[in-house]
């Protein structure tokens with residue numbers, strides 16, 4: 001039997017979720033009425049708004065009907081982590097969409113851009129309200145520093161994938177290696193997040209945390225190779241074309257390079273913090 005809980009939609013966090021549900025849907029509808037664009041960045045923006053709307057709407061419904069209490073994973077950890085991820089997603093589209101798809105007389109595009117900024121701050125507000133809960137009410141891997149770093153690594157990988165142009169790397173084995181590194185690290189990050197969220201890591205016959213540290217080290221080393229190979233091969237004898245659009249493939253390659261450096265830094269910090277947490281603070 002479903003028991004409705006009105007407190008979930010009248011408390012500050014619930015009100016914030018309802019607000020961002022409406023705002024993300026407004027962004028999606030406004031941009032959809034303008035018409036599609038043949039750009040991976042446009043697709044990313046539309047995906048982000050719809051994804052945030054859908055997941056937030058489901059969170060509101062599941063908490064209102066009390067079904068969330070019966071789910072086999074750490075619900076508070078999941079919702080706190082999603083709010084952080086959604087704030088990053090909305091921040092990215094709040095920068096990307098007005099940069100590439102608005103003009104002085106594009107009123108619907110401008111409206112969507114402004115509303116997207118409010119979406120970002122709405123999710124930031126949810127994160128703040130979640131963090132203000134008494135210690136112990138929100139716990140779990142995704143609410144810890146390593147968990148936040150894992151989500152950040154996954155988010156940066158998504159920006160890399162959106163910026164990749166298949167025609168730029170399809171004929172080059174070294175560049176294919178770079179794409180393979182992005183893909184493998186992304187997949188393993190998702191696995192770690194899922195295993196931690198569902199609390200399945202405790203079923204491993206060995207230390208999952210130490211295995212994660214080994215993975216972080218390997219991922220950081222692999223990203224070092226990519227930081228060297230990608231710009232060396234992608235920009236070799238390949239300056240920015242004079243008639244390059246905005247954005248063009250060359251600009252996207254710059255984005256991939258920058259995001260690769262950022263992700264390497266995050267993996268390195270993740271490794272250092274995890275080693276300190278597992279080998280020093282637990283002793």
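In UniProt numbering, the protein residues as written are 1 to 283.
Note that CB positions come from ideal geometry on N, CA and C, so glycine has one too.
Cα-Cα separation, residue i to residue j
i           : j           : result
residue 254 : residue 127 : 31 Å
residue 236 : residue 230 : 10 Å
residue 94  : residue 206 : 43 Å
residue 167 : residue 203 : 43 Å
residue 199 : residue 119 : 30 Å
residue 197 : residue 208 : 13 Å
residue 251 : residue 14  : 40 Å
residue 27  : residue 116 : 7 Å
residue 163 : residue 256 : 6 Å
residue 232 : residue 130 : 44 Å
residue 152 : residue 65  : 31 Å
residue 77  : residue 194 : 12 Å
residue 47  : residue 32  : 11 Å
residue 37  : residue 108 : 14 Å
residue 174 : residue 161 : 17 Å
residue 285 : residue 148 : No information on residue 285 is available, as it lies outside the stretch 1 to 283 that the chain covers here.
residue 91  : residue 45  : 10 Å
residue 99  : residue 67  : 41 Å
residue 50  : residue 59  : 14 Å
residue 69  : residue 6   : 15 Å
residue 176 : residue 29  : 37 Å
residue 172 : residue 238 : 14 Å
residue 165 : residue 249 : 7 Å
residue 240 : residue 110 : 29 Å
residue 181 : residue 247 : 25 Å
residue 87  : residue 124 : 6 Å
residue 71  : residue 169 : 42 Å
residue 274 : residue 244 : 43 Å
residue 222 : residue 262 : 14 Å
residue 73  : residue 39  : 37 Å
residue 191 : residue 89  : 20 Å
residue 201 : residue 24  : 34 Å
residue 4   : residue 18  : 16 Å
Residue closest to residue i, alpha-carbon to alpha-carbon, out of the options
i           : options               : result
residue 179 : 193, 159 and 191      : 159
residue 62  : 24, 30, 9 and 119     : 9
residue 96  : 41, 111 and 257       : 41
residue 189 : 224, 146 and 17       : 146
residue 20  : 56, 273, 215 and 279  : 56
residue 279 : 214, 184, 172 and 75  : 214
residue 22  : 76, 105, 122 and 70   : 122
residue 224 : 249, 157, 265 and 169 : 265
residue 140 : 4, 274 and 75         : 75
residue 53  : 222, 71, 16 and 247   : 16
residue 143 : 222, 171 and 85       : 85
residue 150 : 227, 277 and 216      : 216
residue 272 : 248, 261 and 210      : 210
residue 267 : 73, 219, 172 and 176  : 219
residue 227 : 274, 185, 212 and 258 : 258
residue 101 : 182, 243, 43 and 72   : 43
residue 106 : 3, 35, 269 and 71     : 35
residue 157 : 124, 169, 72 and 184  : 184
residue 260 : 276, 186 and 277      : 186
residue 270 : 234, 212 and 4        : 212
residue 132 : 242, 24 and 12        : 12
**Message:** What ranges does the alpha helix (DSSP H) occupy inside the UniProt domain "MARVEL" (8-135), keeping only unbroken runs of at least 4 residues that lie completely in it?
**Reply:** 12-34, 40-64, 75-101 and 107-131
**Prompt:** Where are the alpha helix (DSSP H) runs, 4 residues long or more, that stay fully inside the UniProt domain "MARVEL" (141-279), in chain order?
**Reply:** 145-163, 166-169, 173-197, 208-234 and 249-275
**Asked** At a cut of 8 Å, does the segment 71-84 reach the segment 104-114 through at least three beta carbon pairs?
**Response** no
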